[in-house]
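Participant: This is the structure I have questions about; it appears just below.
In the working numbering, the protein residues as written are 566 to 671.
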């Protein structure tokens with residue numbers, strides 16, 4: 566659980582449609598030591614390095630998807646990765662700017 570959230574709405578998935586790979590920040594290191602928080606102090610933040618998990622992109626439009634099954638397999642894997650990493654289920658995925666551009670996952 567992150568900050569007490571029990572479900573997530575993942576928005577703007579469609580802006581990742583053109584990327585061949587998607588890098589997800591999974592750790593922060595301050596002067597080589599792993600830290601469990603995002604530094605809010607700019608001086609500390611300048612000293613932080615980010616560790617990434619690289620996931621395959623899908624390189625096709627998701628804007629016409631109306632169900633989770635309509636999403637490319639790589640996009641589905643990305644959503645599942647977010648769920649596993651944060652230990653919070655994703656219940657909605659935004660794939661465009663219109664009212665019907667929300668996929669409900671129940």
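Note that the Cβ used here is the ideal one computed from N, Cα and C, for glycine as well.
Is the separation between the beta-carbon of residue 618 and that of residue 591 shorter than 8 Å?
Facilitator: Within the chain shown, residue 618 is the residue found at index 53, counting from 1. Within the chain shown, residue 591 is the residue found at index 26, counting from 1. Taking a C-beta distance under 8 Å as the contact criterion, residue 618 and residue 591 qualify as a contact pair.
Participant: Are three or more beta carbon pairs between the segment 569–576 and the segment 658–670 nearer than 8 Å?
Facilitator: yes
Participant: Please identify the residue among 609, 626, 588, 605 whose C-alpha is closest to the C-alpha of residue 672.
Facilitator: Lying outside 566 to 671, the shown extent of the chain, residue 672 is not represented and no answer is given.
Participant: For residue 636, which residues in the same chain have their Cβ closer than 7 Å to its Cβ, ignoring the five residues on either side in sequence?
Facilitator: The residue given as residue 636 occupies position 71 in the chain shown. Correct list, in chain order: 627, 630.
Participant: Cα-Cα, which of 570, 604, 579, 625 is closest to residue 663?
Facilitator: Start at 1 with the first residue of the chain shown, and residue 663 comes out as number 98. Considering only alpha carbons, the answer is 579.
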